[in-house]
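Just so we're aligned, residue 1 is where the sequence shown starts under the UniProt record's numbering, counting upward by one.
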Amino acid sequence: MGTPMRSGNINETMRLTLAALVGIVFGFSLGVSFPTVSLVKYTGFPTKSIWDAWASLKGNKSMLHAHHNISDTKIWVATNPRGAERLPPGIIKPQSDFFLRRLWGQPSEDLIVKPKYLVTFTVGYNQRYNINAAVQKFSSNFTIVLFHYDGRASEWDEFEWAKRAVHISAIKQTKWWYAKRFLHPHIVAPYEYIFIWDEDLGLEHFDAEEYLKMVKKHNLEISQPGLDPISSFTWQMTKKKDEGEVHKMVDDGGWWQCSDPHLPPCAGFVEIMAPVFSSDAWRCVWHMIQNDLIHGWGLDFALRRCVKIPHENIGVVDTQWIVHQSVPSLGNQGHAEDGRAPWEGVRERCHKEWTLFQDRMANAERDYFQAMGIIPRNTTGRNILVYIRAFQDFVYRFTHYIPKN
């Protein structure tokens, strides 16, 4: 006769069975909650089957598919900037700026005033007082960038504004070397106008905000302030006129006779000492600057290529004028050799650069027109004339003017 089972044993068996079932369910849930990559990496277990089984039990395969789509799908957006095709478009920031940021607080609260304009000066420490006076003519709407050619960027703290300026230093480099490397259109894109100025300018009769009012009123894409006639050598086109707010043409080129009143230096022309560019115009000019031609000679005659109607969109503002002091600073930091003064080597380099620039422009035009099957009218004669007149200008500059940057 069998022994009857006690009710206590039955209850114990049920508890053990229930505990085992709960443990199995919990363990299974915990296991499938680990990332798929971990299971694949460490166990080699077919995780897809687990996910399918788990989704079937839950009756929610949509979640499963969403998980796999996010983790497995590759991003490739052909319209993204080159090199960024693998990024989602919403994270891309193709442009930057010179806005200084804090190390603390909310990023959105960093800028009390967001500057709309940019002014750069290429400077040496010896000209610091002149630069200090010049900076006072620019409001808080301007970001100030100093390019230091003498390596003394850390010695300007005596001026409060210099603590808020951006300082970039490279020994014995010109402003066009700096501009090509640090004023890329994507860097200066937030600024409506870009001033790229020398260090030896007298701004007693100049106000930047008033200047830009004239620029906007007269639709100038490339401009400069009028030069006081007491300044050293300058062109007729860039001298301050006593009548009117701006001028865009002159009837007489002075010692340089203009073959066409709509061409430089009688129209569509400003000098490279104190140019002001709209953002759109600078985008074009930046691409025209040559990496190895650092003095910028010849650029002034080519700026007209970067606006739609040069004799209307390039001009000189007469209501705000400056004085060119012609301080031979960077020019004197050349290399003395064979008994020649340092500035003589700099002068010779300027000569070579203008010739190279003219040749490159002429060759680029020729190659383009040939590729397009176009025979431009009088192109050869025009290029020869430009070259001859450029040489005449060299002779005059070498006789009257020591280059400084």
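Using N, Cα and C, we set each Cβ at its ideal position, and we do this for glycine too. No experiment lies behind these values; they were computed from the predicted model shown.
Item to check | C306 versus K239 - alpha carbon distance | outcome: Rounded to whole angstroms, C306 to K239 spans 22 Å at the Cα level.
Item to check | Contact set for I318: own chain, Cβ-Cβ below 7 Å, skip 5 residues either direction | outcome: For clarity, residue 318 is Asp in the given sequence; the question names Ile instead. Excluding residues within five positions, the ones whose Cβ falls inside 7 Å are G226, K240, K241, G244, E245, V246 and H247.
Checklist entry - In the structure shown, what three-state DSSP assignment does L18 receive? => result L18: helix per DSSP, three-state reduction.
Next on the checklist: Taking the beta carbon of N219 as the centre, do at least 16 other beta carbons fall within 10 Å, making it buried, or is it exposed?
Outcome noted: It counts as exposed.
Item to check | Pairwise C-alpha distance: W177 and A162 | outcome: Taking the CA atoms as reference points, A162 sits about 22 Å from W177.
Checklist entry - Can you tell which of K172, E158 and A336 has its C-alpha closest to the C-alpha of F147? => result Taking only the C-alpha atoms, the option nearest F147 is K172.
Checklist entry - Can you tell me the Cα-Cα spacing of S326 and Q127, whole angstroms? => result When rounded, the distance between both Cα atoms is 12 Å.
Checklist entry - What's the C-alpha gap between V77 and I91? => result Going by the C-alpha atoms only, they are around 12 Å apart.
Item to check | Alpha-carbon spacing of E109 relative to G373, whole angstroms | outcome: Cα to Cα, the separation comes out at about 56 Å.
Item to check | Nonlocal neighbours in the same chain, by C-beta distance under 6 Å from P35, ignoring five residues either side | outcome: Annotation note: pLDDT 49 at P35 (below 50); position unreliable, no value reported.
Item to check | F159 beta carbon less than 8 Å from that of I168 | outcome: No, Cβ-Cβ distance for I168 and F159 is not below 8 Å.
Checklist entry - When you compare only the Cα positions, how much space is there between I277 and P342? => result As written in the sequence, residue 277 is Phe, which differs from the Ile given in the question. Roughly 32 Å between the two C-alpha positions.
Checklist entry - Assuming M214 contacts H311 under a Cβ cut-off of 8 Å, what Cβ separation, rounded to an integer in Å, is found between them? => result Taking the Cβ atoms as the reference, M214 lies roughly 17 Å from H311, outside the contact range of under 8 Å.
Checklist entry - For T174, which of helix, strand or coil comes out of DSSP? => result Three-state result, T174: coil.
Checklist entry - Comparing alpha-carbon positions, which option in W321, T174 and R82 lies nearest Q333? => result The candidate whose alpha carbon is nearest that of Q333 is T174.
Checklist entry - Using DSSP with H/G/I as helix, E/B as strand and the rest coil, what is M237? => result It is coil, neither helix nor strand.
Checklist entry - Going by DSSP, which residues form a beta bridge with I168? => result Partner(s): F147.
Checklist entry - With DSSP run on the structure shown, which of helix, strand or coil describes Y191? => result Coil, per DSSP.
Next on the checklist: Could you check whether I194 and L118 sit closer than 8 Å to each other, using their CB atoms as the reference points?
Outcome noted: Yes, Cβ-Cβ distance for L118 and I194 is below 8 Å.
Item to check | Per-residue DSSP class, three states only, for V250 | outcome: In this structure, V250 counts as coil in the three-state DSSP scheme.
Checklist entry - Alpha carbon to alpha carbon, how far is M14 from L87? => result If I take the Cα positions, the gap works out to 57 Å.
Checklist entry - Where residue 438 and L212 are concerned, what is the direct C-alpha to C-alpha distance, given to the nearest angstrom? => result Residue numbering for the chain in the displayed model covers 1 to 405; residue 438 lies beyond these limits and cannot be assessed.
Item to check | Distance between T143 and F99 (C-alpha atoms, nearest Å) | outcome: Going by the C-alpha atoms only, they are around 7 Å apart.
Checklist entry - Expressed to the nearest angstrom, what Euclidean distance is found between the alpha-carbon atoms of I196 and A371? => result Rounded to the nearest angstrom, the two C-alpha atoms are 35 Å apart.
Checklist entry - DSSP state of F142, grouped into three classes? => result In this structure, DSSP gives F142 an extended state, which the three-state scheme calls strand.
Next on the checklist: According to DSSP, simplified to helix, strand and coil, what is W161?
Outcome noted: DSSP places W161 in helix when its eight states are reduced to three.
Checklist entry - Below 8 Å between beta carbons: does that hold for G298 and F369? => result F369 sits away from G298, with the two beta carbons spaced by 8 Å or more.
Checklist entry - Which residue comes first and which comes last in the alpha helix (DSSP H) that contains I131? => result Where I131 is concerned, the enclosing alpha helix (DSSP H) stretches over R128 to V135.
Checklist entry - To the nearest angstrom, how far is it from the Cα of D198 to the Cα of S329? => result When the Cα atoms are used, D198 and S329 turn out to be separated by approximately 11 Å.
Item to check | Presumed contact (8 Å Cβ cut-off) between K116 and N141, rounded CB distance | outcome: Cβ-Cβ separation between K116 and N141: approximately 5 Å, consistent with a contact (criterion under 8 Å).
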